[in-house]
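Undergrad: Numbering (my numbering), first residue to last: 49 to 318.
(1) Applying the 10 Å Cβ sphere with the 16-neighbour rule, what's the burial state of residue 119?
(2) Exposed or buried, residue 113, counting other C-beta atoms within 10 Å across all chains shown (16 or more means buried)?
(3) Residue 178 lies in the beta strand (DSSP E); which residues open and close that run?
(4) If I follow the unbroken alpha helix (DSSP H) through residue 169, where does it start and stop?
(5) How many angstroms separate the CA atom of residue 72 from the CA atom of residue 143?
(6) Who does residue 96 pair with in a DSSP beta bridge?
(7) How would you label residue 160, buried or exposed, when you count the other beta carbons within 10 angstroms and need 16 or more for buried?
(8) Out of curiosity, what's the CA-to-CA distance linking residue 281 and residue 294?
(9) Which class does residue 104 belong to by DSSP, given the choice of helix, strand or coil?
(10) Taking its Cβ as the centre, do 16 or more other Cβ atoms sit within 10 Å of residue 296, making it buried, or is it exposed?
(11) From residue 107 to residue 135, what distance separates their C-alpha atoms?
(12) May I have a chain-ordered list of the alpha helix (DSSP H) segments no shorter than 4 residues that lie completely inside the region 213 to 250?
(13) If residue 209 sits next to residue 237, beta carbons under 8 Å apart, how far is it from one beta carbon to the other, in whole angstroms?
(14) Counting only runs of 4+ residues fully inside the region 252 to 295, write out the alpha helix (DSSP H) ranges in chain order.
(15) Mapping the DSSP letters down to three states, classify residue 317 as helix, strand or coil.
(16) Taking three-plus beta-carbon pairs below 8 Å as touching, is the region 70 to 90 in contact with the region 262 to 269?
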């Protein structure tokens with residue numbers, strides 16, 4: 049409302065995840081993800097490069113606007129942390145990519161609390177399924193997401209179900225919450241979907257999109273463990289789902305796309 053004009057649009061999302069559109073802008077500047085600089089002085093990590101001055105100006109103007117907002121004044125009176133700035137990062141342009149139907153002959157849906165994942169799903173031609181209570185945190189509606197996935201599979205070929213809670217717990221450095229999030233995911237998502245598809249012919253691929261070690265509180269580029277389950281085949285697995293167990297199998301894929309190709313090929317589609 050205060051900063052928008054013909055060039056800039058602001059779209060609210062969930063929690064701290066929002067979107068700014070810069071029409072006719074550039075995307076070559078260097079911006080630092082906030083989760084990479086936890087507890088550090090942000091002045092050392094402001095955007096740099098072409099267009100950076102514009103972003104810094106917007107961030108400075110936002111501080112002026114937010115300072116006197118009623119909710120911030122109330123939080124300040126209560127001694128709570130205030131929402132006193134915006135942090136612009138993760139820039140990019142609308143991608144050009146084939147839909148899942150074009151690439152693999154699949155129709156399907158995407159389920160997530162994160163707008164980024166929903167956007168990728170839209171570009172892939174997937175239907176976005178909204179789930180009440182999906183927060184992206186430890187309190188998310190796991191059961192609702194699993195039930196939504198099962199419902200989507202009644203009419204579609206494929207569902208991409210994304211859970212953000214373990215990642216958020218790791219960014220917060222909270223080991224207890226990360227363990228709980230993984231256990232909840234195992235029980236309420238994986239377990240519930242396996243039970244719901246009992247007796248059906250299906251495949252399930254389970255994996256994180258990247259590691260977020262609690263000790264580091266940010267993403268790393270290490271390989272991630274995955275499980276590819278086929279209800280129509282009986283094969284011995286590694287006996288556990290962990291980085292150590294996955295490494296011992298000596299099964300590696302150079303990219304998520306190549307792993308997805310195996311998933312699709314196993315369905316007899318390629």
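Glycine included, C-beta positions come from ideal geometry on N, C-alpha and C.
TA: Looking at the coordinates:
(1) exposed
(2) exposed
(3) Here residue 178 belongs to no beta strand (DSSP E), and DSSP marks it neither H nor E.
(4) 163 to 171
(5) If I take the Cα positions, the gap works out to 16 Å.
(6) 78
(7) Here residue 160 is buried, its C-beta having at least 16 other C-beta atoms within 10 Å.
(8) 20 Å
(9) helix
(10) With a 10 Å radius around the Cβ and a threshold of 16 neighbouring Cβ atoms, residue 296 comes out exposed.
(11) 7 Å
(12) 213 to 219, 223 to 232 and 240 to 244
(13) 7 Å
(14) none
(15) Per-residue confidence for residue 317 stands at a pLDDT of 42, beneath the threshold of 50, marking its modelled position as unreliable; no derived number is given.
(16) yes
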